[in-house]
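First up is the structure itself, then whatever we jot down about it.
2 protein chains.
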Amino acid sequence: VRRLTVVGLGLLGGSIARAARARGVAREIAVVSRNRAMLDRARDEGVADLVTDHLTSGLAEAELVILCVPVGVVPSLLRSAWPHLARGAILSDVGSVKAGIVAAAESCPRREEIAFVGGHPMAGSERSGFDAADPDLFRDRLTLLTPTPRTPAPAVARLTAFWEALGSEVRLMAPEVHDRAVARVSHLPHLAAYGLVSVGDGEALAVAGRGFADTTRVAASAEGLWTDIFRNNQSALLEALAEYRETLSRWEGYIRDEDWPALEASLARAREIREKLS
Amino acid sequence: VRRLTVVGLGLLGGSIARAARARGVAREIAVVSRNRAMLDRARDEGVADLVTDHLTSGLAEAELVILCVPVGVVPSLLRSAWPHLARGAILSDVGSVKAGIVAAAESCPRREEIAFVGGHPMAGSERSGFDAADPDLFRDRLTLLTPTPRTPAPAVARLTAFWEALGSEVRLMAPEVHDRAVARVSHLPHLAAYGLVSVGDGEALAVAGRGFADTTRVAASAEGLWTDIFRNNQSALLEALAEYRETLSRWEGYIRDEDWPALEASLARAREIREKLS
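In the order they appear, the protein sequences are chains A and B. Residues are numbered in the working numbering as their position in the first sequence, beginning at 1, plus a constant of 371. Residues are numbered in the working numbering as their position in the second sequence, beginning at 1, plus a constant of 371.
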């Protein structure tokens, strides 16, 4: 990449810039943020060659632009950026929910020489902000790209190569398939973890061990970001939540009725599935 | 301790024997198990000085006896062991649920010179068996002891010193308080994790990241052991589960009704609580 522009300097934007610099993936790195203090730090640390709080200046001459802002903000930022992208540019993002963002991109006036490809690195942290940015955040993690039949194949190939260069494994998925999948393996688990902490609060918390710490680690995540994610994936999350509620209700029935063999058989199926993950 | 006898050679029994040996906490270590192959390994590895599959031989001359068998088996094993304990012996266990076990001990015929003290190290692993036994399993972990007004104070002090010598921090709790607390911070989170895996199964599982892995790690635990634990803590677990169900239902309502400020406020409270844990 000749010039990479990262818009937004939080955990993900900062980690992309740091990873790209550390791995020599981009000749030039530009960073756009409204936070002047963070921009100065990014420049002083050598993470960025060009820093600006002005979106259109940051987009000039960029070959690859990645929007790293909260998922709810991506559609409007994308529409603002669209007319200012350089010829041949690829625009992408890191939002956790894809259908709305992809639809917003496809509703922009067609420009033959530029392409949008939705992206979502399955890497994060309960920490947030540029301070938590880590050049190894994407190493050995999965990044999902969500092209549609309208997305130019060369843009998908270039973005795939970019994420692979940051150490990530890349997989392609349709936006709606992506949103239903992450509702189940990311959004619901976050909501469940926040719920476990709520129920665990009080004197019980004093005896919490490693199991509780692991199970609820993601509940230390910033609630604003996650409310934004839940809001943008409302229907898929409600579907996953309903299935979770039904599963736990069934098990609650087994416990109340002392049907221990049925409970054990259900847990055995879950344990077998879980053991396949590392 | 002159002679420590560990009954049961799974993860916890094996880890206690290994930790006691590594830290020189007991002059002699005896191990009782029905698994001859494991006994031979424990002896060959130098973890135990005396191995036997005969309970009463293992109890002879023991100053401290710890029953490390599944929680549902503890009461009957305790009643079998009771008449054969040496004068002055302290009997304890590592069961995850305490009220039933403590009641079983207190219903044994009174023997002035011996004492039972319920114990529960809040250390475990999704792995089980002697192969997973770890001499550092208890280091910097909490061990809960559950004496009652009938428990002799010197026995509590000695058992406290024993667990501290294994690297553990010790806290005392009434058995019923213990059972309600672990229902919330251990038993419910295990059930919730098994549930998340069940809902996550399918093509979604292929995109699961570190958040899902952490949140569901405990769902790799042996379902037989956990069904036994749930069965022995039925009422406290049902209480915690009802509160969890109500919490998630309320949040599901916020999501359905798009009351995002109410959802965010609830998540903020959970995040603040979680941040206080390490």
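Beta carbons are placed, not taken as given, at the ideal position from N, Cα and C, and that holds for glycine. Treat the numbers as computed from the prediction; the structure is a model and nothing was measured.
Check, Outcome
"Please identify the residue among 478/B, 501/B and 474/B whose C-alpha is closest to the C-alpha of residue 416/B.", "501/B"
"Could you run through the region 428-457 of chain A and flag, in chain order, every residue whose CB is less than 9 Å away from some CB of chain B?", "none"
"Is there a C-beta anywhere in chain A that falls below 8 Å from the one on residue 529/B?", "no"
"Got a sec: is the Cβ-Cβ distance from residue 559/A to anything in chain B below 8 Å?", "yes"
"Got a sec, what are the start and stop residues for the alpha helix (DSSP H) residue 425/B sits in?", "From DSSP, residue 425/B is part of no alpha helix (DSSP H); its letter is neither H nor E."
"Along the chain, where does the beta strand (DSSP E) that runs through residue 377/A open and close?", "374-378"
"By DSSP, does residue 437/B sit in helix, in strand, or in coil?", "strand"
"In three-state DSSP terms, what is residue 462/A?", "strand"
"Nearest chain A C-beta to residue 583/B closer than 8 Å, yes or no?", "yes"
"Kindly confirm or deny that the region 576-586 of chain B and the region 548-562 of chain A touch, where touching means at least three C-beta pairs closer than 8 Å.", "yes"
"Compute the beta-carbon to beta-carbon distance between residue 505/B and residue 389/B, rounded to the nearest angstrom, for a pair I have assumed lies under 8 Å.", "7 Å"
"What do you get for residue 483/A, buried or exposed, if any count of 16 or more other CB atoms within 10 angstroms of its CB means buried?", "exposed"
"Which runs of the beta strand (DSSP E) at least 3 residues long sit entirely within the region 440-500 of chain B? Give them in chain order.", "461-464, 486-488 and 490-492"
"Using a Cβ cut-off of 7 Å, pull out every chain A residue sitting near residue 635/B, in sequence order please.", "594, 595 and 598"
"Between residue 509/B and chain A, is there a C-beta pair that is closer than 8 Å?", "no"
"Which chain B residues are close to residue 611/A, counting only those with a beta carbon under 7 Å from its beta carbon?", "570"
"With H, G and I counted as helix, E and B as strand and the rest as coil, what does DSSP make of residue 531/B?", "helix"
"Just mark residue 395/B as buried or exposed, buried being the case when its beta carbon has 16 or more other beta carbons within 10 Å.", "exposed"
"Measuring only the C-alpha atoms, how far is residue 550/A from residue 621/A?", "26 Å"
"Report the neighbours of residue 387/B on chain A: residues whose CB is nearer than 7 Å to its CB, in chain order.", "Ordered by position in chain A, no residue passes the 7 Å Cβ test against residue 387/B, which lies about 16 Å from the chain."
"Restricting to Cα atoms, I'd like to know which of 455/A, 585/A and 509/A is closest to residue 425/A.", "455/A"
"For residue 393/A, go through chain B and note every residue whose CB falls closer than 7 Å to its CB, in chain order.", "What residue 393/A touches in chain B: nothing, since even the nearest Cβ is about 20 Å away."
"With 8 Å set as the bound, which would you pick, yes or no: does the beta-carbon of residue 517/B sit closer than that to a beta-carbon of chain A?", "no"
"Which residue's Cα is closest to the Cα of residue 552/A: 491/A, 421/A and 538/A?", "491/A"
"Determine the chain B residues that contact residue 589/A at a beta-carbon separation under 8 Å, and present them in chain order.", "582, 585 and 586"
"Taking only three categories from DSSP, how would you classify residue 537/A?", "coil"
"Within 10 Å of its beta-carbon, does residue 652/B have 16 or more other beta-carbons around it, so buried, or fewer, so exposed?", "With chain B covering 372 to 649 only, the question about residue 652/B has no answer from this structure."
"Whole-angstrom Cβ separation of residue 461/A and residue 435/A, contact assumed at under 8 Å?", "5 Å"
"Using a threshold of 8 Å, state whether the C-beta atoms of residue 565/B and residue 648/A are closer than that.", "no"
"State the Cα-Cα distance for the pair residue 342/B and residue 593/A, rounded to the nearest angstrom.", "No statement about residue 342/B is possible, as the shown extent of chain B runs from 372 to 649 and does not include it."
"Determine, using beta carbons only, whether residue 449/B and residue 470/B come nearer to each other than 8 Å.", "no"
"Tell me the rounded alpha-carbon separation between residue 393/A and residue 383/A.", "15 Å"
"Quick one, are the C-beta atoms of residue 514/A and residue 541/A less than 8 Å apart?", "yes"
"Can you tell me the Cα-Cα spacing of residue 411/A and residue 391/A, whole angstroms?", "18 Å"
"Inspect the beta-carbon positions of residue 401/B and residue 433/B and report whether they are closer than 8 Å.", "yes"
"Which residue spans inside the region 524-610 of chain B form an unbroken beta strand (DSSP E) run of at least 3?", "540-543"
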